[in-house]
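K.L.:
Attaching a single structure in structure tokens format; questions to follow.
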């Protein structure tokens, strides 16, 4: 649609509006960005939209060896700086730096807190070296001071000192960050980039404006100690939201040397699009970078019990890694009370407390490559508890327990009964998650609200550590808490949150469509579906998702049923799934970036279905939190099409968990000690239906095993229909609307059966004329899948199901989802 708005990029250095143009920060002023093999370069650009409309920026390259991302950060650190330049003239102005809040959340959070407290106002840049850095933020003004705390290093393999104008933390060694920061020079060749600082200093921003002020600061006169002769002062500092400046992350493959054209586009959503391009030149990287460790959490074990964990490390060059464990902050001081078994090939560490060791042991672990003698280290504490005290009670509070120590809340309340006057900590999966405090009038009752990143999906080991007033340390018996949130609109990556990556496998279980779709996933800010601060339903939600750094293509156009891919995701993070119908994401972004329903598309559909262009749900969900897998059944036609929800079935599961191949079992919600009532109602019956009985039976695992028998084995059907496993739900004479309920133990796995020509009892008594079919295809004639778990086409069946509901179809021999079914039953798993 035509618009009078003028959209373009403007040069960051002079802010002059240029229609459909782009400038990069380059020492030479040329539109060439220098890079290195296997590394990323940061490129800052700015947009200008004369009518003030929001702008979406996208970028692409013409070389498959080079990739480009648009970072989603929107906040700047602005420093008002004054001093005397090299000519002896006073100067003042503002240096503006974009903060990498998404990539470096802990570092930016600490700095933002200091800025907002006024900490930096009036401090100086006390160390200035031309062609290198300006360093400041020390209240002592000499490099010796800081705030009253320190925080750990934070690294991302994409952030190295391979770009000009980088903002980073100064420190005095590993994990000694405080308030001191530095900014690298902007006018040096790429060969002079300070790559010796890689993974020793946390990079958390880049300069996007104020380059003339910076140049005057870095060239001011200094003494032999690199201190300015005339003070260069941070008069004030503030955090400002800025939607005009954008930062690109341009990355070269490990072995690529050469050039690529990078094209950047800005779209105001009203038909005005500006584009331009620059050259990215990747040279051979001359630097071997040191490896770095992921954060290591504190550990807890019982007296005499070993504890194992896997330490994760990153090395850009893929060098062989050398690990070492020390104690009391000294990597070269072996632990005196802990035996260490370390597998350098896998990073698995086993710590075995020696006899009599009780309490806290301070440990340190380090990693290096063969080309360095310096370790990157992480300190942690191993707490060895004394005897288990069965009198300590721990579990979910009544308002958090959804049955049998099962919860759908990410932040449930834990209740502990322990001695009065004790210090009580809540341990989740051998990690201290929270400190419980006395509550109410009972001094022996302690409560703690778990932080949102404490529980992992499925089973969690929970116990209390009690330090009595006399110093004795005891622990409670281990309890299992199930975390079973709804995964209807978002799935949760497996693994302990904030402890590295989780490996998950995605499979295409079915593809019954004439479309050539693209399927991908996207990282959400929260379970509500917000992405980079944009909520579902916003006009730019679709383009924000597809341009976000947390978006990945799972299956490109042309995939077939049976396709599978395994990727690493952030453990405990929340993700959604999208389908671009009959197009690619690039085509969507260029033709219909706002997912406008009034045009011809293409359209993209999300599990966060409030973002869909037609406003309706395009998927159904079958989730198994305990089994760590979830399946999404998609409809890829606008307005829901035929609402059969079998156009595309995507399964997400923890790696190592077997694929269902189809949905053959359902797990009952709730903990293993709880009772869950499952409701079932008849949704449709064919006029000539021959079914005589329908019910469910419990199985031992997701493969349908019963007492060692697998589906298809001799004797399997008799075992499935045995009285102790079988629950008959419906028999002859049922009609649409008939209802029944059945109690199950929480977390049980159930399969489905249907009979023709008699009852289960008659079959068990030897009536061979009775036909038995189950939800396990291997038990059926010709291995046919006679059950489906989807929505349907009969008018009596709801087009939209609730998150805890699913439909079971019993199909005719040779029947398809589109055929008339013998029976359809709506199940409700809501506890």
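Numbering (the numbering used here), first residue to last: 17 to 847. All C-beta atoms, glycine included, are put in the ideal place defined by N, C-alpha and C. Keep in mind that this is a model prediction, so the values were computed, not measured.
Among residues of its own chain, excluding the 5 on either side of residue 492, which ones have a beta-carbon nearer than 6 Å to its beta-carbon?
P.N.:
If we look at residue 492 and ignore the five residues flanking it on each side, its Cβ neighbours are 408, 410, 479 and 480.
K.L.:
Under DSSP, the alpha helix (DSSP H) around residue 246 begins and ends at which residues?
P.N.:
No alpha helix (DSSP H) contains residue 246, which DSSP labels as neither H nor E.
K.L.:
Taking just the CA atoms, how far does residue 638 sit from residue 681?
P.N.:
Cα to Cα, residue 681 sits roughly 10 Å from residue 638.
K.L.:
Give every residue of the same chain whose Cβ lies closer than 8 Å to the Cβ of residue 602, excluding the five residues on either side of it in the sequence, and list them in chain order.
P.N.:
Correct list, in chain order: 76.
K.L.:
How is residue 347 classed by DSSP in three states: helix, strand or coil?
P.N.:
Reduced to three states, the DSSP call for residue 347 is coil.
K.L.:
Let me know the secondary structure DSSP gives residue 136 once reduced to three states.
P.N.:
Coil, per DSSP.
K.L.:
Less than 9 Å between the C-beta atoms of residue 112 and residue 223, yes or no?
P.N.:
Yes.
K.L.:
Can we say the stretch 340-353 touches the stretch 377-391, given the rule of at least three CB pairs closer than 8 Å?
P.N.:
Short answer: they touch.
K.L.:
Would you check if the distance between the CB atom of residue 803 and the CB atom of residue 776 is smaller than 9 Å?
P.N.:
In this structure, residue 776 does not lie closer than 9 Å to residue 803 by Cβ.
K.L.:
Count the other CB atoms within 10 Å of the CB of residue 361; is the residue buried (16 or more) or exposed (fewer)?
P.N.:
Residue 361 is exposed by the Cβ-count criterion.
K.L.:
Assign residue 234 to one of three DSSP states: helix, strand, or coil.
P.N.:
Here residue 234 sits in helix by DSSP.
K.L.:
Among the residues of its own chain, which have a CB less than 7 Å from the CB of residue 438, if the five just before and after it don't count?
P.N.:
482, 483, 484 and 485.
K.L.:
Mind reading off the beta-carbon distance from residue 598 to residue 618? Whole number of angstroms is fine, and I expect it under 8 Å.
P.N.:
Going by Cβ atoms, the distance from residue 598 to residue 618 rounds to 6 Å, so yes, they are a contact pair.
K.L.:
How long is the line joining the alpha carbons of residue 500 and residue 422, rounded to whole angstroms?
P.N.:
Those two C-alpha atoms are separated by around 7 Å.
K.L.:
Taking all protein chains shown into account, decide if residue 89 is buried (16 or more other Cβ within 10 angstroms of its Cβ) or exposed.
P.N.:
With 16 or more Cβ atoms within 10 Å of its Cβ, residue 89 is classed as buried.
K.L.:
Residue 322: buried (16+ other C-beta within 10 angstroms of its C-beta) or exposed?
P.N.:
That one is exposed.
K.L.:
Any chance you could list the beta strand (DSSP E) runs of at least 3 consecutive residues sitting entirely within the stretch 107-175, in chain order?
P.N.:
Counting only runs of 3 or more, we get 141-145 and 149-152.
K.L.:
Using 10 angstroms around the beta-carbon of residue 268, count the other beta-carbons present and answer buried if the total reaches 16, otherwise exposed.
P.N.:
Burial call: buried.
K.L.:
Alpha carbons only, please: which of 607, 664 and 646 is nearest the one belonging to residue 634?
P.N.:
Among 607, 664 and 646, the Cα nearest to that of residue 634 is on 664.
K.L.:
Quick one, are the C-beta atoms of residue 683 and residue 765 less than 9 Å apart?
P.N.:
Taking 9 Å as the Cβ cut-off, residue 683 and residue 765 qualify as a contacting pair.
K.L.:
Using beta-carbon positions only, say whether residue 666 and residue 498 come within less than 9 Å of one another.
P.N.:
Result no, Cβ atoms of residue 666 and residue 498 do not sit closer than 9 Å.
K.L.:
At 4 residues or longer, what runs of the alpha helix (DSSP H) sit wholly inside the stretch 576-643?
P.N.:
Within the stretch 576-643, the complete alpha helix (DSSP H) runs of at least 4 residues are 601-607.
K.L.:
How should residue 312 be labelled, buried or exposed, when 16 other C-beta atoms within 10 angstroms of its C-beta is the threshold for buried?
P.N.:
Buried, because 16 or more other Cβ atoms sit within 10 Å of the Cβ of residue 312.
K.L.:
Starting from residue 502, trace the beta strand (DSSP E) both ways and give me its first and last residue.
P.N.:
Where residue 502 is concerned, there is no enclosing beta strand (DSSP E), given that its DSSP letter is neither H nor E.
K.L.:
Would you check if the distance between the CB atom of residue 420 and the CB atom of residue 691 is smaller than 9 Å?
P.N.:
Their beta carbons are under 9 Å apart, which means residue 420 touches residue 691 by this criterion.
K.L.:
Does the stretch 302-309 come into contact with the stretch 325-338, if we say contact requires no fewer than three beta-carbon pairs (one atom in each stretch) closer than 8 Å?
P.N.:
These segments touch.
K.L.:
Note down the Cα distance separating residue 724 from residue 780, rounded to an integer number of angstroms.
P.N.:
So the alpha carbons of these two residues sit roughly 19 Å apart.
K.L.:
Mind checking who residue 367 pairs with in its DSSP beta bridge?
P.N.:
According to DSSP, residue 367 bridges with 323 and 356.
K.L.:
From the DSSP output, in three-state form, read off residue 404 for me.
P.N.:
Three-state DSSP puts residue 404 in a strand.
K.L.:
Our contact map puts residue 756 next to residue 696 with C-beta atoms below 8 Å; I'd like the distance itself, whole angstroms only.
P.N.:
Residue 756 to residue 696, Cβ: 5 Å. Contact.
K.L.:
Contact between the stretch 618-627 and the stretch 638-655 is defined here as three or more beta-carbon pairs at a separation below 8 Å; is this criterion met?
P.N.:
They touch, by the three-pair rule.
K.L.:
Pull the bridge partners of residue 750 from the DSSP assignment, please.
P.N.:
The partner list for residue 750 (beta bridge, DSSP) is empty, contrary to what the question assumes.
K.L.:
With a threshold of 8 Å, are at least 3 pairs of Cβ atoms found where one atom belongs to the stretch 176-191 and the other to the stretch 269-283?
P.N.:
Counting Cβ pairs under 8 Å, fewer than three are found: no touch.
K.L.:
Using a Cβ-Cβ cutoff of less than 7 Å, which residues in the same chain neighbour residue 734 once the five nearest sequence positions on both sides are dropped?
P.N.:
So the qualifying residues of the chain are 780.
K.L.:
Buried or exposed, going by whether 16 or more other CB atoms sit within 10 Å of the CB of residue 727?
P.N.:
Result: buried.
K.L.:
May I ask you to report which of helix, strand or coil DSSP gives residue 561?
P.N.:
Helix, per DSSP.
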